[in-house]
Every structure is written in structure tokens, then in C-alpha cells.
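Asks: Quick note: the sequence shown, position 143, residue 146 per our numbering, numbers continuous.
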Amino acid sequence: MYPKFTITDVNFPGSVVGSLDRLNQGEENWVGDNFVGFLYKDSTLSFGRWFKEGTKWRFTFDKNEMLNTIFVIGETIDCLDGYWGERVELVVSGKFNWKCENYKGKENWDHDHCEICWATISEIENAVHYCSEGKHPICKECYDKHVSIRDLSFLPKNV
Numbered sequence: 004m005y006p007k008f009t010i011t012d013v014n015f016p017g018s019v020v021g022s023l024d025r026l027n028q029g030e031e032n033w034v035g036d037n038f039v040g041f042l043y044k045d046s047t048l049s050f051g052r053w054f055k056e057g058t059k060w061r062f063t064f065d066k067n068e069m070l071n072t073i074f075v076i077g078e079t080i081d082c083l084d085g086y087w088g089e090r091v092e093l094v095v096s097g098k099f100n101w102k103c104e105n106y107k108g109k110e111n112w113d114h115d116h117c118e119i120c121w122a123t124i125s126e127i128e129n130a131v132h133y134c135s136e137g138k139h140p141i142c143k144e145c146y147d148k149h150v151s152i153r154d155l156s157f158l159p160k161n162v
């Protein structure tokens, strides 16, 4: 469904090297030289940056991200770009403490946007929404449809 990365070398703890089946997801370019992205394995995301090395690609992990997952030579892993990977992280990471809130405007700011679907969240629209420690606003529809059940159907399809 998403671009696939097949690992040919593991350089613990900093990077993995391998080949990609494609760089795009539908019309969007998800992988490129020096692009940020995520590897998604077993409901765990690892953040890093892509580097082209001849015919291969190196994924260099950010800080200790590689320690979250065991990577094995020969396995194939899903790739997400930085934009969509951040949204998947909201759904699957488990590190967010979601609370239902009523929107209250902030100084010089009368609305926010859902970090998944970009719907307006304001005192008029989607006032009841979810936040984690006052950040990462999620509209109730996306929370119910995706976050609460760890559903990733909001990701773009490969057309």
C-alpha cells in the first residue's frame, strides 16, 4: 500500500540501508534525497532522514529512534513521508494523553485546525474536540474514526 523499503544492511544504532520499490504515494513524492520520513513497522514509527547512495537508500535515524524497533536484513518495511508520518504518530504512538475539550479562542487567535483532516476547530465549528496537553487538536470525528481505534484509513491511497 505504501512505498516499501527492503533492508540490505543494518548499521546499529544509526541507520539502515536498502532499496525502495517506489518513491511516490499516488501523486505525492514521499521519499527523496535529504527528505524526512518514517519507517513504520509493527505499529511503531521510527523518524529519520533519507539519503540516496548510488542505487541504494540510507535511512538515518533521529537520535535513538532506531532503538524502538528491531530491524533485520531482508525484511520489508512501510515508509511514510514526514507529513503523513506525523499524523500516524498521533494515532498509533500511545504517547499522547487525549482529553475532550471545548474550544476557547486564544489571544489574537479564533480557530485552530484538526491535525489529521485540517477541519476548522473554533467556538462555532467543531468546538468539542480532543487535545493532548493543550496541543495537537483533533476534531471529534477524526478522534472517533481514527485515534480511538488506531485506524489509518485517512492516509492517501496509491492511485
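Think of the CB as a built atom: it goes at the ideal place given N, C-alpha and C, for glycine as much as any other residue.
Since glycine 21 and tryptophan 53 should fall inside the 8 Å C-beta cutoff, what is the C-beta to C-beta distance between them, to a whole number of angstroms?
Replies: Position 18 of the sequence shown, counted from the first residue, corresponds to residue 21. Position 50 of the sequence shown, counted from the first residue, corresponds to residue 53. Incorrect: roughly 11 Å between the Cβ atoms, too far for contact.
Asks: Going by alpha carbons, who is nearest to tyrosine 43 out of Pro6, Gly29, Phe99, Phe157?
Replies: One-based indexing of the sequence shown puts residue 43 at position 40. Per the Cα distances, Pro6.
Asks: Is the Cβ of valine 95 closer than 8 Å to any Cβ of chain D?
Replies: In summary, chain D is missing from the structure at hand, where a single protein chain is found.
Asks: Return the chain-ordered list of same chain residues with a C-beta closer than 6 Å to the C-beta of glutamate 144, the five sequence neighbours on each side being excluded.
Replies: Translated into positions along the sequence shown, residue 144 becomes position 141. So no residue of the chain qualifies.
Asks: According to the Cβ coordinates, are glycine 29 and proline 159 closer than 8 Å?
Replies: Taking the sequence shown and counting its residues from 1, the one referred to as residue 29 is at position 26. Taking the sequence shown and counting its residues from 1, the one referred to as residue 159 is at position 156. In contact: glycine 29 and proline 159 (Cβ atoms closer than 8 Å).
Asks: Kindly indicate which residue of Asp12, Phe157, Tyr86, Lys148 has the alpha-carbon position closest to the one of threonine 63.
Replies: Numbered from its first residue, the sequence shown carries residue 63 at position 60. Comparing Cα positions, the closest option is Asp12.
Asks: Report buried or exposed for valine 162, applying the criterion of at least 16 other Cβ atoms within 10 angstroms of its Cβ.
Replies: Stepping through the sequence shown from its first residue, residue 162 is reached at position 159. Any reading at valine 162 is ruled out, since the residue's pLDDT is 42, under 50, leaving its predicted position unreliable.
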